[in-house]
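Protein chains: 2
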Amino acid sequence: MNITDVARAAGVSIATVSRAFGSPEKVTDETRAHIEAVAKKLGYIPNSSARVLRTRRSNVLGVVLPTLINPVFAECLEGIARAAHTRGYSILPITTDYQIDAEARAVNLFIASNVDGVLLVVSNPAQSAALDNLKARHIPYVLAYNAHDAHPCVSVDSEAAVAEVVSWLVGKGHRRIAMVAGHLSASDRAQRRHRGYLKAMASHDIAPCDLIEVPFMDASVEIIGRHLTREQPPSALFCSNDLLAIRSIRAAHDAGLKVPEDVSIVGFDGIELGMDLTPRLTTIVQPNREMGRVCVTLLADGLAAGTPLTQAASRTLAHTLRLGESAAPFTDPN
Amino acid sequence: MNITDVARAAGVSIATVSRAFGSPEKVTDETRAHIEAVAKKLGYIPNSSARVLRTRRSNVLGVVLPTLINPVFAECLEGIARAAHTRGYSILPITTDYQIDAEARAVNLFIASNVDGVLLVVSNPAQSAALDNLKARHIPYVLAYNAHDAHPCVSVDSEAAVAEVVSWLVGKGHRRIAMVAGHLSASDRAQRRHRGYLKAMASHDIAPCDLIEVPFMDASVEIIGRHLTREQPPSALFCSNDLLAIRSIRAAHDAGLKVPEDVSIVGFDGIELGMDLTPRLTTIVQPNREMGRVCVTLLADGLAAGTPLTQAASRTLAHTLRLGESAAPFTDPN
DNA sequence: CTGTTAGCGCTTTCAA
DNA sequence: TTGAAAGCGCTAACAG
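Pasting the structure below:
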């Protein structure tokens, strides 16, 4: 079932069939209707491999994300999918599970697939074979959540956001505020947030606590628990993401501590689920869906205009501090 | 940068380059190494549109899921992605947001893309244009989470699972057990679970409560709350999925009820997050990743064997009841 | 407005 | 083992 079959059945040339589908305005309403009817009866669907091969355009955007288990990226992907669909693009999403070489593999697949543009969340934009490859081939790309001078990025001002939430905690009387993060080396996001934490603490003339680094998600509850039960435990935990905040709440509970009475816990990301949790998560909200939407817009507009996308296209989106129930004013346990 | 460039640079014919990539054994080790070196230097990546057009094989599996916001499907997709990668397939995932016509559109896209097989979670397998289309074109497909006689399906025994958790509640003294679900019409899963609930209640000679139907996720907390504060409120809530269970916990809290002391709440799905919540979710665990893996295996094996996939290939995977902290023995409030 | 035709990059006979 | 050449389905000149 191909264009030739349809042409024969409709009694027209393949060129006319092609036009009826690709540029309907170049064909009489009558013949177009006829061809559509015939095509429908035959169940004809144009072969996109052939079309892509011929036109060198796929109307596909490649998407590289760390994981979909973290709802942040699932939400972002929903935003991407919706915006892409609106603009006539399909998406080809790949998850890397935080493996850097998977980023490069994904990009190779995208190149083979003739994607028109790529949207990525990478580990380290400063040093990325995947990005080098895209740049060398002049394939338009945008980074989401990452922030780097040399690349077009859509992100929030992490340092400012962290400063905001840390200042809020300080304003509520907290002094022993510890930060919880995954491996800092796994993402520039965690590093930025950590830097924000250090700066914020310094700006309030408070000594930062040692970073609570959680190398494996499985062990996180246990590790956080150890820090909550040590001598002079923190009265507040700033978690690098909401998933860690959820686990911190669990760890507190296991340690016999009440949240927020005994320990305040704040997150970062603003996953939608956080609003339905008990206690509601206090967190920095990033506009995750919007983030995806803006990336697609940048890509699609650049593609439409034929202008290459550069770092100048970068956008910083607004974040908000969502006050939930997982953080409260400091109360002296003594 | 195409096969011709590489051939020229390597001083061989394009056929030899093609073989060096596609069937290395048909080429001398020496020439293969030479071609690989040249190709690498040139950054050559074979154009898959051309390959697919020529071979009519894409090594791509289409995947249709309702949404990735529900972690059940995100987890399943992780299983799919991993298994697909292992077997040399890429995946092309599409989310429908529970819109039936989006299922059909996705399948059309898959056909245009020459996918080798399709994995779906549909709304209603009994009546699905998407499935009809796949069947008519002899494209191998498997359903996940759905269960239907006429299609190859990978699922758990929902009715048995629901019976298990309801019996557990009854065994703990609960009698007023209500079920919470989204629109029943939106998925056969919810319908099956509801049927399981009715049967289980009947088997214990307990009158079922009216179904608490939650049409929109946004309003769910409020709606569930109304049911918890009515005259003779249920002492236990069986939720059709974990996301609803989380919202039910929220609703209970808002109504001034303690979970599980005042009301027991159980879910269905076994999302990984449930284990880290406070209280830990009591729920029926489906092997979500495994589900994805099995689907891919079925598809890939069928493709390798060249045998069409039929309902005979269906698999029922084992579920488990995970006892968390959100459900406890019934205590009379008086 | 419609038809003819070349060719996108690749795989695969068929011959050498 | 390698090369020459046909052709997968489609689009876009170009001609009429």
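Taken in order, these protein sequences are the chains called A and B.
Numbering of the first sequence is given in the numbering used here, commencing with residue 182 and proceeding in unit increments.
Numbering of the second sequence is given in the numbering used here, commencing with residue 182 and proceeding in unit increments.
All C-beta atoms in this analysis are idealised placements derived from N, C-alpha and C, irrespective of residue type, glycine included.
Neighbour list for Ile-427(B) in chain A, Cβ cutoff strictly below 9 angstroms: Leu-454, Asp-457, Leu-458 and Thr-459
Nearest residue (CA-CA) to Arg-407(A), options Leu-424(A), Asp-186(A), Ala-433(A) and Thr-464(A): Ala-433(A)
Three-state class that DSSP yields for Thr-212(B) in the structure shown: helix
Pair within 8 angstroms by beta-carbon distance, Leu-365(B) and Val-302(B): no
Phe-449(A) vs Asn-422(A) beta-carbon contact at 8 angstroms: yes
Contact under 8 angstroms by Cβ, Val-233(A) with Ile-272(A): no
Whole-number beta carbon distance between Ala-201(B) and Arg-213(B), since they are thought to touch under 8 angstroms: 5 angstroms
Residues from the region 345-356 of chain B in contact with chain A, defined by Cβ distance under 9 angstroms: none
Near-chain A residues of the region 218-233 of chain B - C-beta to any C-beta below 8 angstroms: Gly-224, Ile-226, Pro-227, Asn-228, Ser-229, Ser-230, Ala-231 and Val-233
Residues, ordered as in the chain, of the region 249-267 of chain A that lie near chain B by beta-carbon distance below 8 angstroms: Leu-249, Ile-250, Pro-252, Ala-255, Glu-256, Leu-258, Glu-259 and Ala-262
Neighbourhood of Ala-262(A) by C-beta distance below 7 angstroms, restricted to the same chain and skipping five residues each side: Ile-272
Run of the alpha helix (DSSP H) containing Tyr-322(B), from where it starts to where it stops: Here Tyr-322(B) belongs to no alpha helix (DSSP H); instead the beta strand (DSSP E) covers 322-325.
Beta-carbon contacts of Leu-315(A) that lie in its chain and below 7 angstroms, excluding the five residues immediately before and after: Val-288, Val-299 and Tyr-322
For Gly-448(B), the first and last residue of its enclosing beta strand (DSSP E): 445-450
Sequence-distant residues of the same chain with beta carbon closer than 6 angstroms to Arg-357(B), five excluded per side: Pro-415 and Ser-416
Counterpart residues of Cys-257(B) in DSSP-defined beta bridges: None; Cys-257(B) has no bridge partner.
C-beta neighbour in chain B for Asn-289(A), strict 8 angstroms: yes
Beta-bridge pairing of Ile-275(B) - partner residues as DSSP gives them: Val-245(B)
Span of the alpha helix (DSSP H) around Leu-524(B): Here chain B comprises residues numbered 182 to 515, so residue 524(B) is not present and cannot be evaluated.
Every unbroken alpha helix (DSSP H) inside the region 329-411 of chain A [4 residues or more]: 339-352, 369-384 and 401-409
Proximity test, Cβ basis, 8 angstroms: Val-402(B) and chain A: yes
Residue from Leu-490(A), Gly-505(A), Asp-482(A) and Pro-510(A) with nearest C-alpha to Ile-452(A): Gly-505(A)
Contact with chain A by Arg-200(B), beta-carbon distance below 8 angstroms: no
Terminal residues of the beta strand (DSSP E) in which Ala-417(A) lies: 417-420
Residue range of the alpha helix (DSSP H) that includes Gly-473(A): 469-486
Distance between Val-335(B) and Val-475(B) (C-alpha atoms, nearest Å): 7 angstroms
Contacting positions in the region 188-215 of chain A - beta carbon closer than 7 angstroms to chain B: none
Min CB distance Arg-503(B) to chain A below 8 angstroms: no
Cβ neighbours of Glu-340(A) in the same chain (closer than 7 angstroms, five flanking residues each side left out): Arg-373, Arg-376, Gly-377 and Lys-380
DSSP state of Arg-431(A) mapped onto helix, strand, coil: helix
Any C-beta of chain A under 8 angstroms from that of Pro-468(B): no
DSSP beta-bridge partners of Thr-459(A): Note: Thr-459(A) sits in no beta bridge, so no partner.
Contact check, His-215(A) vs Ala-196(A), beta carbons under 8 angstroms: no
For Leu-301(A): DSSP bridge partner residues: Val-245(A) and Leu-324(A)
Nearest-angstrom beta carbon gap, Ala-311(A) and Ala-328(A) [assumed within contact, 8 angstroms]: Not quite, the Cβ-Cβ distance comes to about 17 angstroms (not below 8 angstroms), so this is no contact.
Beta-carbon proximity of Thr-463(A) to Ala-493(A), cut-off 8 angstroms: no
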